[in-house]
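Novice:
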Amino acid sequence: MNFNCHCGNISITSEIEPETITRCNCSICNRYGAMWSYFTPEKLTIDIGALGSKSYSWGDKNINFIFCHSCGCITHYETTEKVTPKKIGVNTRMAPIESTLNIRIRDFDGADSWQYID
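Residue numbering for the sequence shown is 1 to 118, as defined by UniProt numbering.
#1: What does the Cβ neighbour count give for W58, buried or exposed, with the cut at 16 atoms within 10 Å?
#2: K43: which of I12, S113, I28 sits nearest, CA to CA?
#3: CB T80 to CB I63, shorter than 8 Å?
#4: So is the beta-carbon of N2 under 7 Å away from any non-hydrogen atom of the ligand COA?
#5: Could you check how far apart the C-beta atoms of G110 and W36 are, in whole angstroms? I think they sit under 8 Å.
#6: Counting along the chain, where does the beta strand (DSSP E) carrying S57 start and finish?
#7: Looking only at C-alpha atoms, which of Y56, L51, L101 sits nearest to C5?
#8: Measuring straight from C-alpha to C-alpha, what distance separates Y38 and C7?
#9: Considering only residues of the UniProt domain "CENP-V/GFA" (1-109), which uninterrupted beta strand (DSSP E) runs meet the minimum length of 3 residues and lie entirely inside it, listed in chain order?
#10: Quick test of your reading: I105 and R31, contact by CB under 8 Å. State the CB separation rounded to the nearest angstrom.
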């Protein structure tokens with residue numbers, strides 16, 4: 001499965017298709033409008049082009065959100081060294097919509113209970 005930011009500077013390729021897509025309602029995911037698919041690092045190839053990327057972390061600093069320095073798309077997040085095992089959340093909205101239509105969407109209550117609510 002392929003994921004790309006709007007300008008193509010960041011591209012992510014997955015060896016596998018995700019089983020589910022997570023829609024989280026926490027303060028940052030709600031603002032980003034992201035929907036996440038989760039992978040272990042060895043299942044992904046992440047290429048960041050010459051235009052570079054930036055990251056944003058807040059609160060407990062367990063996650064670094066990565067976005068394209070050129071077009072601003074939030075492409076993925078990476079857990080920090082505080083979190084084991086390491087996990088990467090890829091913003092599934094960076095994939096062509098037709099490649100995601102048959103993947104189940106799960107709702108996660110990141111704003112309150114930290115549980116799936118579907």
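Backbone N, C-alpha and C fix where the C-beta goes; we use that ideal spot for every residue, glycine too.
Specialist: So, from the listed chains and residues:
#1: Within the sequence shown, residue 58 is the residue found at index 58, counting from 1. Classification for W58: exposed.
#2: Along the sequence shown, one-based indexing puts residue 43 at 43. Among I12, S113, I28, the Cα nearest to that of K43 is on I12.
#3: Position 80 of the sequence shown holds residue 80. Position 63 of the sequence shown holds residue 63. Yes, the Cβ-Cβ distance between T80 and I63 is below 8 Å.
#4: No copy of the ligand COA occurs in the structure displayed, which carries no ligand at all.
#5: Taking the sequence shown and counting its residues from 1, the one referred to as residue 110 is at position 110. Taking the sequence shown and counting its residues from 1, the one referred to as residue 36 is at position 36. That pair is no contact at about 10 Å.
#6: The residue given as residue 57 occupies position 57 in the sequence shown. S57 -> no beta strand (DSSP E), and no H or E assigned at all.
#7: Residue 5 sits at position 5 when you count from the first residue of the sequence shown. The shortest Cα separation from C5 among Y56, L51, L101 belongs to L51.
#8: On the sequence shown, residue 38 is found 38 positions in, with the first residue counted as 1. On the sequence shown, residue 7 is found 7 positions in, with the first residue counted as 1. C7 has its alpha-carbon roughly 23 Å from the corresponding atom of Y38.
#9: For secondary structure counted as the beta strand (DSSP E) over 3 or more consecutive residues, the UniProt domain "CENP-V/GFA" (1-109) holds these complete runs in sequence order: 2-4, 10-14, 20-24, 36-39, 44-48, 53-56, 63-68, 74-79, 88-91, 104-108.
#10: Start at 1 with the first residue of the sequence shown, and residue 105 comes out as number 105. Start at 1 with the first residue of the sequence shown, and residue 31 comes out as number 31. The pair is not a contact, with the Cβ atoms about 19 Å apart (cut-off 8 Å).
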